[in-house]
Amino acid sequence: MYLTGIKTYLNLKNNLTRPLDELKAEQWRTFKNMVSYAYQRVPFYRKLYDEAGFSPDQLRELSDLRLVPRTNKALFQEADPEELIAVDFKLSKLHRKRTSGSSGSPLNVYYTAEDRIYRTLIHLRILFHNGMTFRDKMVHISDSRNVPSFRYAFQKIGFLPKDFIYAADPGDQQLVQLARIKPAIIYSYASSMVLLSSEIEKFGNCPIHPKLVITTGELLNPDDRELINQAFCVKLRDIYGLVEMGDVAWQCPEINGYHLNIDSFLTEFLDNGEPVKAGQPGRLCITNLHSRAMPFIRFDVEDVLTAPHEEPCPCGCTFPRIDVLQGRADDWLYSADGKRISPLIFVIASIPGVQQYRMIQKALDLLIVEILPGPGFAEETLKRAVDHVVEVMGPGIRVEAVKVDSISQQAGKMRRVISEINHKS
Ligand SMILES: [Zn+2]
837 MYLTGIKTYL NLKNNLTRPL DELKAEQWRT FKNMVSYAYQ RVPFYRKLYD
887 EAGFSPDQLR ELSDLRLVPR TNKALFQEAD PEELIAVDFK LSKLHRKRTS
937 GSSGSPLNVY YTAEDRIYRT LIHLRILFHN GMTFRDKMVH ISDSRNVPSF
987 RYAFQKIGFL PKDFIYAADP GDQQLVQLAR IKPAIIYSYA SSMVLLSSEI
1037 EKFGNCPIHP KLVITTGELL NPDDRELINQ AFCVKLRDIY GLVEMGDVAW
1087 QCPEINGYHL NIDSFLTEFL DNGEPVKAGQ PGRLCITNLH SRAMPFIRFD
1137 VEDVLTAPHE EPCPCGCTFP RIDVLQGRAD DWLYSADGKR ISPLIFVIAS
1187 IPGVQQYRMI QKALDLLIVE ILPGPGFAEE TLKRAVDHVV EVMGPGIRVE
1237 AVKVDSISQQ AGKMRRVISE INHKS
């Protein structure tokens, strides 16, 4: 198994610098194979394609991919899990992962041991490209759900050593643990790093000197990025991943956009089902090119990202880059007239006296801003937060800022925005 893993890794590493045309041709071939395979072997796709009158034979050139019916979480949830699995696999023999329920009810994702290794290798490729070595100790700040009960044998002999810290522990305790472990790499939700950065500010200086900080799982606000960079004296790298399929796009040492893993996924960026131009925002529709137990084909993720461009990156990687992750589906706010507003344009964290904040949209005309006070907090802080949010949101919405003692996390993540309205488009 290790030999296969090493061979797969070397191929994946080699892909980083292959000519883009070659990668795209391979991507299209793999996509067509996956669609045919799913039609032949997965009852869910057989039914879906038959009902839509689609046949895999119709796929001749790239633009034909739009003939393939799209899927989404709701369709998967309605289906019998057995029908989502290729007939060659037994549900009881597969690994299972539950996506978090923050955007509604959870979805069970089934995968093989090979899928798991592939995901790990894709992840390691990002870390190595960003300067990690085999001996670098990593700390994963995680909610308990993600702590694996197993360790690879090579970890027991000192390769890719990894420790875990619970994201739900108080910040000062996490900092003590970090100081004890002295990791070279920290991998964490952005919100956990923000919490730790505030602790470091209180402490006066950073007790550790990681060479790499990597965030994932949440939309990274520019203010937060700056705060973490300052506190840990690093230039953090962010990864855009999906629980359903692993790391999709990632930042390289240039920290200029996110490279898309086009050797593992076929991604589309759509507006009303039509592809948008490079640099324009579109909803992500994704095909996982390697999950054969439970295929995800043209799966609508609902996250909005800007469509990638193909300008060469000085890091040497030929994968196209996404400039901005505009918002996860759950992260959007709406103005009183229904216009979608990205949480990235708020600068509440820069207001003196704000340690942390969260915005809860109760209705199109009501928004609550929770403020966890930091040094320099005064009544004026709340007023400034309200003024700023009103200015961004526009007229017709009542904004109330409230001081809170803590901001609770959900599944280890601290979401900056909670939308209680059903107004997604
Ligand atoms: Zn790059």
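Under this note's numbering, the very last position in the sequence shown is 1261; numbers go up by exactly one each time. C-beta atoms are modelled at their ideal positions from N, C-alpha and C, and glycine is treated no differently.
Here residue 1126 really is in contact with residue 954; their C-beta atoms are around 6 Å apart, less than 8 Å. In terms of side-chain proximity, the C-beta atom of residue 1090 is found nearer than 7 Å to a non-hydrogen atom of ligand 1.
Secondary structure of residue 976 (DSSP, three-state): strand.
Under the DSSP assignment, residue 857 falls outside any beta strand (DSSP E), being part of the alpha helix (DSSP H) whose first and last residues are 856–877. Its Cα nearest to that of residue 860, the residue 1098 stands out among 1144, 1204, 1135 and 1098.
The way I'd put it, the region 1094–1114 does touch the region 1069–1086; three or more beta-carbon pairs between them come closer than 8 Å. Residue burial is scored here from C-beta neighbours: residue 838 has fewer than 16 other C-beta atoms within 10 angstroms and is therefore classed as exposed. Nearest to residue 850 by C-alpha distance, out of 1092, 1220, 964 and 1140, is 964.
DSSP, read as helix, strand or coil, puts residue 1028 in helix. Bounds of the alpha helix (DSSP H) holding residue 840 are 838–851.
In this structure, residue 1207 sits near residue 1240, with a CB-CB distance shorter than 8 Å.
For the 8 Å CB-CB criterion, residue 1185 and residue 1057 form a contact. Counting only unbroken stretches of 3 or more residues, the beta strand (DSSP E) elements lying wholly within the region 1074–1142 are 1082–1086, 1094–1096, 1101–1107, 1117–1124 and 1135–1142, in sequence order. For residue 1145, the shortest C-beta to heavy atom distance toward ligand 1 is 7 Å or greater. Residue 1199 carries a strand assignment under DSSP once its states are collapsed to helix, strand and coil. Contact check between the region 1183–1198 and the region 1043–1063: three or more CB pairs, one atom from each, fall below 8 Å, which counts as touching. DSSP, read as helix, strand or coil, puts residue 1240 in coil. With 16 or more neighbouring CB atoms inside 10 Å of its own CB, residue 1139 falls in the buried class.
Annotated as proximal: residue 1001 and residue 977, with beta-carbon spacing under 8 Å. With a cutoff of 8 Å on beta-carbon distance, residue 968 and residue 1133 are scored as not near each other.
In this structure, the beta-carbon distance from residue 1129 to residue 930 falls below 8 Å.
Contact between residue 1042 and residue 1090 is absent: CB atoms are separated by about 24 Å, not below the 8 Å threshold. Distance from the Cα of residue 1136 is smallest, within the candidate group 961, 1199, 1124 and 1145, for 1124. With fewer than 16 other beta carbons inside 10 angstroms of its own, residue 1244 counts as exposed. The Cβ-Cβ distance between residue 1103 and residue 1122 falls below 8 Å. DSSP, read as helix, strand or coil, puts residue 1183 in coil.
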